[in-house]
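Student: My questions will all concern the structure given below.
Numbering (UniProt numbering), first residue to last: 1 to 117.
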């Protein structure tokens, strides 16, 4: 599959609310995930660690709605824009989350993801 094909299918799965299948299908075993923050989840290496980061996020946030825009493809990378209406369980304050994810594809899998917010 080309980067554009991977980006399209990955994005469609996310838009359907199936992030678990998207990650299982397209994340490389040695994927590295970078968040724009300090702390233990700022950098996660490996498919299982990225999965656990996602599970932590889901367990600690109530999602009221959201959208995924894109993909925007350039070479071996594609970007997605995420907007979510969430309530972090730690604060109980409803907020809007707006971020961009930049994904790098190598050998038919997503080898890196970087989030900007």
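Beta carbons are placed, not taken as given, at the ideal position from N, Cα and C, and that holds for glycine.
Just so we're clear, the structure is a prediction, and the values are computed from it rather than from any experiment.
1) Thinking just about the alpha-carbon of each residue, which of 43, 4, 52 is nearest to the one in residue 19?
2) May I ask you to list the residues that DSSP assigns as paired with residue 10?
3) Please specify which runs of the alpha helix (DSSP H), each continuous and at least 4 residues long, are wholly inside the UniProt domain "SnoaL-like" (1-117), giving them in chain order.
4) Rank 100, 85, 99 by C-alpha distance to the C-alpha of residue 93 and give the top, closest one.
5) Thinking residue 89 and residue 61 are a contact (beta carbons under 8 Å), I'd like their distance in whole angstroms, please.
6) Using 8 Å as the Cβ pair cut-off and three pairs as the minimum, do the stretch 37-51 and the stretch 67-81 touch?
7) Suppose you measure from the CA of residue 47 to the CA of residue 3; what does that come to, to the nearest Å?
8) Between the Cα of residue 95 and the Cα atoms of 7, 1, 66, which residue gives the shortest distance?
9) Among 109, 91, 81, 104, which one has its Cα closest to the Cα of residue 98?
Tutor: Short version:
1) The residue you call residue 19 lines up with position 19 of the chain shown. Comparing Cα-Cα distances from residue 19 to each of 43, 4, 52, the minimum goes to 52.
2) Here residue 10 refers to the residue found at position 10 of the chain shown. Looking at the DSSP assignment, residue 10 forms no beta bridge with any residue, so it has no partner.
3) Within the UniProt domain "SnoaL-like" (1-117), the complete alpha helix (DSSP H) runs of at least 4 residues are 3-15, 19-26, 47-60.
4) Position 93 of the chain shown, counted from the first residue, corresponds to residue 93. Considering only alpha carbons, the answer is 85.
5) Translated into the one-based positions of the chain shown, residue 89 becomes position 89. Translated into the one-based positions of the chain shown, residue 61 becomes position 61. Correct: roughly 7 Å between the Cβ atoms.
6) Segments in contact, no.
7) Taking the first residue of the chain shown as position 1, residue 47 is located at position 47. Taking the first residue of the chain shown as position 1, residue 3 is located at position 3. Cα-Cα distance, rounded: 19 Å.
8) By one-based count along the chain shown, residue 95 stands at place 95. When each option's Cα is compared against that of residue 95, the closest is 66.
9) Locating residue 98 in the chain shown gives position 98, counting from the first residue. Out of 109, 91, 81, 104, 81 has the C-alpha closest to the C-alpha of residue 98.
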